[in-house]
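Visitor: Throughout the sequence shown, residue numbering follows the working numbering, covering 564 to 1110 in sequence.
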Amino acid sequence: MTTIYDFMSEEQYYCSICLDVFTSPVSLSCGHNFCMSCIECYWGSSDLCQCPLCMQVFKNRPELRVNTFIAEMTENFKTMGIMCLAGPGEVTCDICTRRKVKAMKSCLVCLTSYCETHLEPHKRVVTLKGHKLIDPVNDLEDRMCRKHERPLELFCRKDQTCICMLCSLMDHNGHNTLPGEKEWKERKFELEKTEAEVQQMIQNRKNKVILIKESIQLSKVSFHQQEIENTVHVFTDLVFSIKKSQADLIEVLEEKQRAMEKRAEGVVEELEREIAELEKKNAELEQLSNTDDHIHFLQVTDLYYFPSLSTLPHTKDWSEVMVHTDMCVGSKLEAYNLLGETINKAIDEQLETGVYQEFQRIQKYAVEVTLDPNTSHPALIVSEDGKQVSDGTTELCVPNNPERFDSCLCVLGTKGFACGRHYWEVFVGGKTNWDIGVVRGSINRKGELIAFPENGFWTIWLRNGKELSANCSPPVVLELTEKPLKVGIYVDYEEGQVSFYDVSKKCCICTFTNYTFTEKLYPIFSPCLNTSPENTGPLIITPIIKI
């Protein structure tokens, strides 16, 4: 809103003696105004009593009284001036001469910044109303073509630079040019899309953090406590000799809980780090998106910088990452089976129930596994549905691609696992020789293989129909009363665990634990050579029959 102060010159509020804003202003009969102290000091230093401006001489020294109207106007001017003065780093009005008044707008046509008072003609005069006004900026000269001294109104897409009209007709003639404001709008639109995606990524990760924290809390107050209570109940009737086993199992549960919480904290920390990076990216995008100064926008988002702004930060795909709050089932099953040899008949039913429940829990992580014929040794026959593999005795004419085994009779699963828990079952039947388990995706496929964990193999094998071993260095013989007909394989990637189970007996055969997996793991199958009629049958990936 226009006020009387908008039509008064700034100089009208200044004393011509001290050159500062009036203090107790007085008016002389000649019409000139001064600070009372200034005019009294002036008259005190001279024999004549005259006006310092017009030199009019007064016969008698005038009686000075404060001009209340001018005093009030001056006070209001001071108040408005304080409010309008530019602070550190703020753009000042180019028209105001005495004080650094804060600019309200910068004109891209006049290349001048204006305070509220001096901006008034741009709101009133028709020819000035069409000028492009932006939020005040200091570097208006950068909006001018240094070569032709004309406004930078166009943008050259070929050279990725702002140009003036003459540039488009000369140095950039024939180039793909368009109004700078249009290019700004298009780039701003792209940045806004990226900004929205970043904000969504931030929200997704915040939701994941909340979910993980809630899962941890739920585990603390419900599942974990229930597991301890159940375990204590199982050991209540045990004789004194097995009390140590009871304490050991509880300690295992506690350790697994602590490990799970630590792992969850690591996931939360990584998510919060990504959130911080995304929020930093979002703030940068938001700052650019909110600017109305398209020239400045285009200049800072040049050919080399703009693609990085429009590109989402490199982040991890968290869609399948979960923190499992239930305990590591493999070690508990093994503990149950070991304890079964020592506990009395009175609690056999409780033990059997516990194993049954744990096996049910494993089956929750059942996954679909199929064989990848591109990895199969040429002598192996893989069924069309990818569920069976057997030795065909003669090699097929297949491409010797890098992923194919050329010496060992092996084939991998199609899908690898880089996180989470997974379970599948393989029918081995009456075969006398076989190998099954998981391997790292980077294992060597050519030549002879040494199937130990340090080489990326976590497998078990059967030889001669009776020798069942875990492939370690050296191999560990697994003492079983009878060989399994169907083997369950359970992988807990984060836990670093691979377990094998006799599905029929619902007992653990062996477990590889405390490994750190750093790449995808793939199921591996070897039916071995048909050296005897008993070994001609296939290995079969069977559906999970949930109990």
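Ideal Cβ placement from N, Cα and C applies to all residues, glycine included. Quick caveat: nothing in here was measured; it's all calculated off a predicted structure.
#1: Give me the Cβ distance between C727 and T740, rounded to the nearest whole Å; I'm assuming they're in contact under 8 Å.
#2: Mapping the DSSP letters down to three states, classify T631 as helix, strand or coil.
#3: Kindly list the residues whose CB is nearer than 7 Å to the CB of R1026, restricted to its own chain and excluding five residues on each side of it in sequence; keep chain order.
#4: Could you give the first and the last residue of the continuous beta strand (DSSP E) run that contains Q1060?
#5: Can you name the start and end residues of the alpha helix (DSSP H) that G976 belongs to?
#6: Pick from T655, E626 and I765: whose alpha carbon is nearest that of K879?
#7: Between the beta-carbon of C1071 and the beta-carbon of I1023, is there less than 8 Å?
#8: Counting only the same chain and skipping the five closest in sequence on each side, list residues whose C-beta sits under 6 Å from that of H735.
#9: From N1048 to A827, what distance separates their C-alpha atoms?
#10: Decide yes or no for the touch test of the region 654-672 against the region 698-709: beta carbon pairs closer than 8 Å, at least 3 of them.
#11: Taking only runs that begin and end inside the region 713-784, name each unbroken beta strand (DSSP E) of 3 or more residues, in chain order.
#12: If I'm right that C1120 touches F585 with Cβ under 8 Å, what's the distance once you round it to whole angstroms?
#13: Please classify S939 as buried or exposed, where buried requires at least 16 neighbouring CB atoms within 10 angstroms.
#14: Taking only three categories from DSSP, how would you classify E1030?
#15: Going straight from the alpha carbon of D948 to that of I773, what length do you get?
#16: Identify, in the order they occur along the chain, each residue of the same chain with its Cβ nearer than 8 Å to the Cβ of E1042, setting aside the five sequence neighbours on each side.
#17: Can you give me the start and stop residues for the beta strand (DSSP E) that T675 sits inside?
#18: Please name the residue in S946, V991, E988 and A942 whose C-alpha comes closest to that of D969.
#19: Alpha carbon to alpha carbon, what distance is there between L841 and N767?
#20: So L582 and I602 are in contact, right, with Cβ under 8 Å, and what is the actual spacing, rounded?
#21: From this set, S946, F980 and F621, which residue's C-alpha is nearest V930's C-alpha?
#22: Work out the CA separation of N596 and C673 for me, nearest whole Å.
#23: Tell me N596's beta-bridge partners as DSSP assigns them.
#24: With C-beta atoms as the reference, is V1115 less than 8 Å away from L934?
#25: Would you report the Cα separation of E824 and S1032, rounded to the nearest angstrom?
#26: I'd like the span of the beta strand (DSSP E) that includes R984, first residue to last.
#27: Within 10 angstroms of its Cβ, does L875 collect 16 or more other Cβ (buried), or is it exposed?
#28: Measure the alpha-carbon distance for C656 versus K686 and round it to whole angstroms.
#29: Return the first residue and the last residue of the alpha helix (DSSP H) that R687 is part of.
#30: From the DSSP output, in three-state form, read off A929 for me.
#31: In whole angstroms, what is the alpha-carbon distance linking V952 and K769?
#32: Reducing DSSP to helix, strand and coil, say where V831 ends up.
#33: Taking only three categories from DSSP, how would you classify Y1056?
#34: Name the residue from R1003, K1109 and V815 whose alpha carbon lies nearest to the alpha carbon of T794.
#35: Work out the CA separation of I775 and T957 for me, nearest whole Å.
Guide: Inspection of the coordinates gives the following:
#1: By 1-based counting over the sequence shown, the position of residue 727 is 164. By 1-based counting over the sequence shown, the position of residue 740 is 177. C727 to T740, Cβ: 11 Å. No contact.
#2: As a working note, residue 631 is residue 68 in the sequence shown. Reduced to three states, the DSSP call for T631 is helix.
#3: Mapped onto the sequence shown, residue 1026 falls at position 463. Excluding sequence neighbours, R1026 sits near N996.
#4: As a working mapping, residue 1060 is identified with position 497 in the sequence shown. Unbroken beta strand (DSSP E) run through Q1060: Q1060 to D1065.
#5: To locate residue 976, count along the sequence shown from 1; it is residue 413. Segment: none, G976 is in no alpha helix (DSSP H) and carries neither H nor E.
#6: Looking up residue 879 in the sequence shown gives position 316. Answer by Cα proximity: I765.
#7: Within the sequence shown, residue 1071 is the residue found at index 508, counting from 1. Within the sequence shown, residue 1023 is the residue found at index 460, counting from 1. Their beta carbons are not under 8 Å apart, which means C1071 does not touch I1023 by this criterion.
#8: In the sequence shown, counting from the first residue as 1, residue 735 sits at position 172. Excluding residues within five positions, the ones whose Cβ falls inside 6 Å are C719 and I726.
#9: For this step, residue 1048 is matched to residue 485 along the sequence shown. For this step, residue 827 is matched to residue 264 along the sequence shown. The residue you asked about is not Asn; residue 1048 is Leu in the sequence shown. Rounded to whole angstroms, L1048 to A827 spans 37 Å at the Cα level.
#10: yes
#11: 717-719, 724-726 and 740-742
#12: The displayed coordinates of the chain run from 564 to 1110. Any statement about residue 1120 would go beyond what the structure contains.
#13: The residue labelled residue 939 in the question sits at position 376 within the sequence shown. Counting Cβ neighbours within 10 Å, S939 comes out buried, since at least 16 surround it.
#14: Sequence index remark: in the sequence shown, residue 1030 carries index 467 (1-based). E1030: strand per DSSP, three-state reduction.
#15: For the purposes of this step, residue 948 is taken as residue 385 along the sequence shown, with counting starting at 1. For the purposes of this step, residue 773 is taken as residue 210 along the sequence shown, with counting starting at 1. Rounded to the nearest angstrom, the two C-alpha atoms are 41 Å apart.
#16: Locating residue 1042 in the sequence shown gives position 479, where the first residue counts as 1. Excluding sequence neighbours, E1042 sits near nothing in its chain.
#17: Numbered from 1 along the sequence shown, position 112 holds the residue referred to as residue 675. Its beta strand (DSSP E) spans residues T675 to Y677.
#18: The residue given as residue 969 occupies position 406 in the sequence shown. Answer by Cα proximity: A942.
#19: Looking up residue 767 in the sequence shown gives position 204. Looking up residue 841 in the sequence shown gives position 278. Taking the straight line joining both Cα atoms gives about 11 Å.
#20: For this step, residue 582 is matched to residue 19 along the sequence shown. For this step, residue 602 is matched to residue 39 along the sequence shown. Wrong, their Cβ atoms sit about 14 Å apart, outside the cutoff.
#21: The count along the sequence shown starts at 1 and reaches residue 930 at position 367. Cα-wise, what sits closest to V930 is F980.
#22: Counting from 1 along the sequence shown, the entry for residue 673 is found at position 110. Counting from 1 along the sequence shown, the entry for residue 596 is found at position 33. In a straight line, the C-alpha of C673 is about 36 Å away from that of N596.
#23: Looking up residue 596 in the sequence shown gives position 33. Looking at the DSSP assignment, N596 forms a beta bridge with S590.
#24: Residue 1115 falls outside the range modelled here, since the chain spans only 564 to 1110, and no answer is possible.
#25: Walking along the sequence shown from the start, residue 824 turns up at place 261. Walking along the sequence shown from the start, residue 1032 turns up at place 469. Roughly 34 Å separates the two Cα atoms.
#26: Walking along the sequence shown from the start, residue 984 turns up at place 421. Run containing R984: R984 to F990, per the beta strand (DSSP E) assignment.
#27: Locating residue 875 in the sequence shown gives position 312, where the first residue counts as 1. Burial call: exposed.
#28: Looking up residue 656 in the sequence shown gives position 93. Looking up residue 686 in the sequence shown gives position 123. Distance between the alpha carbons of C656 and K686 is about 16 Å.
#29: Residue numbering aside, residue 687 sits at position 124 when the sequence shown is read from its first letter. Start and end: E683 to R687.
#30: Residue 929 sits at position 366 when you count from the first residue of the sequence shown. It is a strand residue.
#31: For the purposes of this step, residue 952 is taken as residue 389 along the sequence shown, with counting starting at 1. For the purposes of this step, residue 769 is taken as residue 206 along the sequence shown, with counting starting at 1. When rounded, the distance between both Cα atoms is 45 Å.
#32: Numbered from its first residue, the sequence shown carries residue 831 at position 268. Three-state result, V831: helix.
#33: Sequence index remark: in the sequence shown, residue 1056 carries index 493 (1-based). Note: Y1056 maps to coil in three-state DSSP.
#34: Mapped onto the sequence shown, residue 794 falls at position 231. Of the listed residues, the one whose Cα sits closest to T794 is V815.
#35: Indexing the sequence shown from 1 puts residue 957 at position 394. Indexing the sequence shown from 1 puts residue 775 at position 212. Going by the C-alpha atoms only, they are around 53 Å apart.
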